[in-house]
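Engineer:
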Amino acid sequence: MNPATNMETELESASEDLSPLPDDRIGAFSAYTLAADLLKLHEIFAGYIERIPTDAWIRRTERRTTGWTLLETLAHLDAIATIFNLSIEQALANQPIQIPGFTTRHDLRTLNRRAIDERMMLGHRALSESFLDSLRYTARLASPLSHSQLATTLEHPYFSAHPTIAELIGTSLVHAGMVHGSQLAVGARMQPIWNLYDPGMMRRQLTRAFHMVGLAYWPERGGDLHATLVFQIDGQGGGRWYIRIDPSGGEGRLGTVRTADVTLTFASADVLCRVVTLQSGIWPLLLMRKLHIRGNPIIAARMSRLFILT
Numbered sequence: 001m002n003p004a005t006n007m008e009t010e011l012e013s014a015s016e017d018l019s020p021l022p023d024d025r026i027g028a029f030s031a032y033t034l035a036a037d038l039l040k041l042h043e044i045f046a047g048y049i050e051r052i053p054t055d056a057w058i059r060r061t062e063r064r065t066t067g068w069t070l071l072e073t074l075a076h077l078d079a080i081a082t083i084f085n086l087s088i089e090q091a092l093a094n095q096p097i098q099i100p101g102f103t104t105r106h107d108l109r110t111l112n113r114r115a116i117d118e119r120m121m122l123g124h125r126a127l128s129e130s131f132l133d134s135l136r137y138t139a140r141l142a143s144p145l146s147h148s149q150l151a152t153t154l155e156h157p158y159f160s161a162h163p164t165i166a167e168l169i170g171t172s173l174v175h176a177g178m179v180h181g182s183q184l185a186v187g188a189r190m191q192p193i194w195n196l197y198d199p200g201m202m203r204r205q206l207t208r209a210f211h212m213v214g215l216a217y218w219p220e221r222g223g224d225l226h227a228t229l230v231f232q233i234d235g236q237g238g239g240r241w242y243i244r245i246d247p248s249g250g251e252g253r254l255g256t257v258r259t260a261d262v263t264l265t266f267a268s269a270d271v272l273c274r275v276v277t278l279q280s281g282i283w284p285l286l287l288m289r290k291l292h293i294r295g296n297p298i299i300a301a302r303m304s305r306l307f308i309l310t
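If you use the UniProt record's numbering, the sequence shown closes out at 310, no skipped numbers anywhere.
1) What number of angstroms, rounded off, separates the C-alpha of R59 from the C-alpha of D224?
2) According to the Cβ coordinates, are G252 and G222 closer than 8 Å?
3) Enumerate in chain order the residues of its own chain whose CB-to-CB distance from T73 is below 7 Å, with the five nearest sequence positions on each side excluded.
4) DSSP has T69 in a bridge; who is on the other side?
5) Which runs of the alpha helix (DSSP H) spanning at least 4 residues fall entirely within the UniProt domain "SCP2" (225 to 307), listed in chain order?
6) In terms of residue numbering, what span does the alpha helix (DSSP H) encompassing residue 312 cover?
7) Note the first and the last residue of the continuous alpha helix (DSSP H) segment covering F210.
8) Got a sec, what are the start and stop residues for the alpha helix (DSSP H) Y158 sits in?
9) Can you tell me the Cα-Cα spacing of H147 and T54, whole angstroms?
10) I169 to T138, Cα distance in whole Å?
11) Closest by CA to A81, which one among L272, D270, S172?
12) Could you check the C-alpha separation between H226 and M303 for me, to the nearest Å?
13) Helix, strand or coil: how does DSSP classify I99 here?
14) Do the region 89 to 99 and the region 154 to 169 meet, that is, are 3 or more Cβ pairs less than 8 Å apart?
15) I need the straight-line Cα distance from W57 to A35, nearest angstrom please.
16) Tell me which same chain residues have a C-beta within less than 6 Å of the C-beta of V262, skipping the five on either side of it?
17) Rounded to whole angstroms, how far is the Cβ of P20 from the Cβ of L150, which I believe are closer than 8 Å?
18) Which residues does DSSP list as the beta-bridge partners of T138?
19) By Cβ distance, which residues of its chain are closer than 6 Å to G235, with the 5 residues on each side in sequence left out?
20) I think R203 touches I26, with their Cβ atoms under 8 Å apart; what is that distance to the nearest whole Å?
21) Can you give the beta carbon distance from L135 to F29, rounded, assuming they're within the 8 Å contact cut?
22) Express the C-alpha separation of Q98 and S160 in angstroms, rounding to a whole number.
23) Nearest-angstrom Cα distance between L132 and S87?
24) Mind checking whether L71 and H156 have CB atoms under 8 Å apart?
25) Just mark Q205 as buried or exposed, buried being the case when its beta carbon has 16 or more other beta carbons within 10 Å.
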């Protein structure tokens, strides 16, 4: 049996005592589930990549002319996976995170462009092999980690707050499997990657994603704002998550809260993912009643700028 499939079969029993984070009731940040989901993501990507025709790598993954091509997207995925692996290694060695050319989040746009340009000459075969190897390597890094190692916090230029090593690995999974991985699928004219997740993996990925978004909050953009944002996602793999923000930073969690400043209800996990990856506009979804927004409209209108990384 495939190692990833074998792990997935056993994940039904995952519980909070598997995770280094006390509020992680589904084990999204345990060493076992992180490694299992990385292997599953590797399997999905390998299947996508082998079906992409050679002449398709020059296709744009977005409608705008400045959007990345399939090859540029793959180069970016490889570059960021490499950065996360280096960061995990440094954190485990109790070293400060040192990425050349990356000292603050303001460096991200320039870093992305340079990393893509440096890799473009490699071609899709070498980039594919490098990216898939990076996913396997992240799984090998994650698998043996103890609770104390996973719970270790660090400073990282990717975030305004201090993530744990578990959250850093989770962000690597989300970046490849939800944020930009969808571009590869769209450019290849295949179904989005998240449609191949089982409900358990989808819920774990969403939990990691909301942790990532909370850590990515820009306090300097929010100013003295104090707010709680609730995300209700219906259907398989769904649930209820919230993000709290204040001048000291943000945090995203799985669970419920008594009061919320803004509540967004999505008809499915697919709808949420399509909104986040800009595959679907908000207004058509509102008209089709696949998205409902309730609460403070001013805060709702500011949400994208408060969390977007670049």
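We put the beta carbon where it would ideally sit given N, CA and C, even for glycine.
Structural biologist: Judging by the given coordinates:
1) Near 43 Å, if we compare the C-alpha coordinates of D224 and R59.
2) No, the Cβ-Cβ distance between G252 and G222 is not below 8 Å.
3) Only T61, H180, Q183, L184, G187 meet the Cβ criterion.
4) DSSP lists R60 as partners of T69.
5) Runs of the alpha helix (DSSP H) inside the UniProt domain "SCP2" (225 to 307): 269 to 276, 282 to 287, 297 to 307.
6) Outside the displayed range of the chain (1 to 310) lies residue 312, so it cannot be described from this structure.
7) Its alpha helix (DSSP H) spans residues 199 to 215.
8) Looking at the DSSP string, Y158 is not in any alpha helix (DSSP H), and its letter there is neither H nor E.
9) Answer to the nearest angstrom: the Cα atoms are 44 Å apart.
10) Here the alpha carbons of T138 and I169 stand approximately 8 Å from one another.
11) Of the candidates L272, D270, S172, the residue whose Cα lies closest to the Cα of A81 is S172.
12) When rounded, the distance between both Cα atoms is 13 Å.
13) Reduced to three states, the DSSP call for I99 is strand.
14) With a cut-off of 8 Å, the region 154 to 169 and the region 89 to 99 count as touching, because enough Cβ pairs lie within range.
15) When rounded, the distance between both Cα atoms is 29 Å.
16) So the qualifying residues of the chain are L229, G295, N296, I299, A300.
17) Contact flag correct, Cβ pair sits at about 4 Å.
18) Answer is none; T138 lacks a bridge partner.
19) Excluding sequence neighbours, G235 sits near S268.
20) Confirmed, Cβ separation roughly 6 Å.
21) Contact between L135 and F29 is absent: CB atoms are separated by about 17 Å, not below the 8 Å threshold.
22) Each residue's Cα considered, the two are about 16 Å apart.
23) So the two alpha carbons sit approximately 18 Å from each other.
24) No.
25) Flag for Q205 reads buried.
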